[in-house]
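Visitor: Quick one: structure below, then a few questions.
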């Protein structure tokens, strides 16, 4: 079945460091891909998305490129801040008649000042 | 826009008791989702509704769980009887439609503890 695999955390970085969180997926078709972020005590929020191969999603300095050849959607940011500390979830769905998201297990990012 | 509203934020109950979790989706959204989050299993989709109709309940763990959406502005998730393994954070989410261009908007969750 379809699934999303993320790198295990926690990822601990110093402020202004470069961030990469790996995400790969297994899908029978051509899904859309998403990154959601969850701050402590809150629900998930959409961070960025890409709907087809080679698309790049970006928001708040974060970027991810839909790589069909490697079935990946790695999240990157050039310079992290303490306020970026959160859990990041990679997800996929097929849209169409359904909006059923399949999530990865989440990666905790802790940024130290 | 008040966002998706869930209540209660925290619920502590004893094994065997009935638990009801509530959700008010964003006005105008016609899809609603219930997710469960645990350390062991991550985020699991329990059930989702489209236009108040349950579309897929294959994620509901067992008959002790039931969900209803009597109207477009309210949904409940009920556990009866509750068990300690039901302890988790339960999220409700809504979206304005189907398809990948309709991102999910999550509530802040209900943290359920069953002792």
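Chains as they are written, first to last, in this note's numbering: chain A, 9 to 121; chain B, 683 to 797. Even for Gly, the Cβ is constructed at its ideal location relative to N, Cα and C. Model, not experiment: these values are computed from the prediction.
1. How about residue 64 of chain A: is its C-beta nearer than 9 Å to some C-beta of chain B?
2. Excluding the 5 residues preceding and the 5 following residue 59 of chain A in the sequence, name in chain order all residues of the same chain whose CB lies nearer than 6 Å to its CB.
3. Do residue 84 of chain A and residue 70 of chain A have their C-beta atoms closer together than 9 Å?
4. Closer than 7 Å by C-beta to residue 777 of chain B: which residues in its own chain qualify, once you throw out the five before and the five after it? Chain order, please.
5. How would you list, in chain order, the residues of chain A whose beta-carbon sits under 9 Å from the beta-carbon of residue 743 of chain B?
6. Got a sec, what are the start and stop residues for the beta strand (DSSP E) residue 738 of chain B sits in?
7. Under three-state DSSP, which class holds residue 777 of chain B?
8. Residue 724 of chain B versus chain A: which residues are under 9 Å apart at the beta carbon?
9. Count the other CB atoms, across all protein chains shown, that sit within 10 Å of the CB of residue 688 of chain B; report buried if there are 16 or more and exposed otherwise.
10. For residue 56 of chain A, which residues in chain B fall below 8 Å Cβ to Cβ?
Guide: According to the data block:
1. Locating residue 64 of chain A in the first chain gives position 56, counting from the first residue. Chain B, which has no Cβ nearer than 9 Å to the Cβ of residue 64 of chain A, makes this no.
2. Within the first chain, numbered from 1, the residue matching residue 59 of chain A stands at position 51. Excluding sequence neighbours, residue 59 of chain A sits near 40.
3. The residue given as residue 84 of chain A occupies position 76 in the first chain. The residue given as residue 70 of chain A occupies position 62 in the first chain. Yes; because the gap between Cβ atoms is below 9 Å, this pair is in contact.
4. Here residue 777 of chain B corresponds to residue number 95 of the second chain, with the count starting at 1. So the qualifying residues of the chain are 711, 713, 784, 785, 786, 787.
5. Mapped onto the second chain, residue 743 of chain B falls at position 61. In chain order: nothing, as chain A lies at least about 17 Å away.
6. As a first step, residue 738 of chain B must be located in the second chain, where it is residue number 56. From DSSP, the beta strand (DSSP E) with residue 738 of chain B extends over 735 to 738.
7. Taking the first residue of the second chain as position 1, residue 777 of chain B is located at position 95. Strand, per DSSP.
8. Position 42 of the second chain holds residue 724 of chain B. Those within 9 Å of residue 724 of chain B in chain A are 97, 111, 112, 113, 114.
9. Your numbering for residue 688 of chain B matches position 6 in the second chain. That one is buried.
10. Here residue 56 of chain A refers to the residue found at position 48 of the first chain. None at all; the shortest Cβ gap to chain B is about 10 Å.
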